[in-house]
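By full-length UniProt numbering, the letter at position 85 of the sequence shown is numbered 85, and the numbering carries on one by one without gaps.
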Amino acid sequence: MNRGIRLTTGAELARLDDPQTPRQLEQLEPVARQDFPLGERADDETWSGSRPCFPDMKPVIGEVPGVSHMWCAFGHGHQGFTLGPATGMLLAQMMTGQKTAIEMQPFRPGRWT
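In structure tokens, the structure reads:
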């Protein structure tokens, strides 16, 4: 972020070897330039990456079974940035022994063992 404002758009579900299709970014950039003092592009090419997730499409959140005081929160797929604040709240509630805002059983680490 030291080089300026970074624009990002939604998720595109595609194969890893498919070519990039930056049309979402191409549509966003002119609109963003109306509201933000964007300079020249810092990068010539757009970037994309994979966002792995689990077969049940749920993240893993909770204390690692058999390892006291080791907590985890990962596997959010392409929604990590969106779900990060809620995940942080849930993890804090679990770590401090509070009642969680939602049932955490579906997200427990070790649910496949």
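For each residue, glycine too, the CB sits at the ideal point set by N, CA and C.
Nonlocal neighbours in the same chain, by C-beta distance under 7 Å from residue i, ignoring five residues either side
{"i": "P106", "result": "K58"}
{"i": "A42", "result": "R3, G4"}
{"i": "F36", "result": "I5"}
Rounded C-alpha distance that separates residue i from residue j
{"i": "R3", "j": "E45", "result": "15 Å"}
{"i": "L7", "j": "V64", "result": "35 Å"}
{"i": "L25", "j": "F74", "result": "26 Å"}
{"i": "E97", "j": "D56", "result": "Note that residue 97 corresponds to Gly in the displayed sequence, not to Glu. Distance between the alpha carbons of G97 and D56 is about 27 Å."}
{"i": "A32", "j": "M104", "result": "38 Å"}
{"i": "S48", "j": "L91", "result": "28 Å"}
{"i": "Q34", "j": "E40", "result": "14 Å"}
{"i": "T82", "j": "A14", "result": "20 Å"}
{"i": "G10", "j": "G80", "result": "12 Å"}
{"i": "M95", "j": "R23", "result": "42 Å"}
Sub-8 Å separation of residue i and residue j beta-carbons
{"i": "Q93", "j": "T87", "result": "no"}
{"i": "C53", "j": "G84", "result": "no"}
{"i": "T21", "j": "E12", "result": "yes"}
{"i": "E62", "j": "R108", "result": "Reading the sequence as shown, one finds Gly at residue 62 and not Glu. Cβ distance < 8 Å, so G62 and R108 count as in contact."}
{"i": "L16", "j": "S50", "result": "yes"}
Same chain, Cβ closer than 6 Å to residue i, neighbours up to 5 away in sequence not counted
{"i": "M89", "result": "none"}
{"i": "M70", "result": "V64"}
Close-in-space but distant-in-sequence residues of the same chain around residue i (CB under 8 Å, 5 per side omitted)
{"i": "W112", "result": "none"}
Residue i - containing beta strand (DSSP E), residue span
{"i": "G62", "result": "60-63"}
{"i": "F74", "result": "71-74"}
Alpha helix (DSSP H) segment containing residue i, residue limits
{"i": "Q93", "result": "80-95"}
{"i": "residue 117", "result": "This structure leaves residue 117 out entirely; the chain is present only between 1 and 113."}
Short CB-CB distance (under 8 Å) between residue i and chain C
{"i": "F74", "result": "No chain C is part of this structure, which consists of one protein chain only."}
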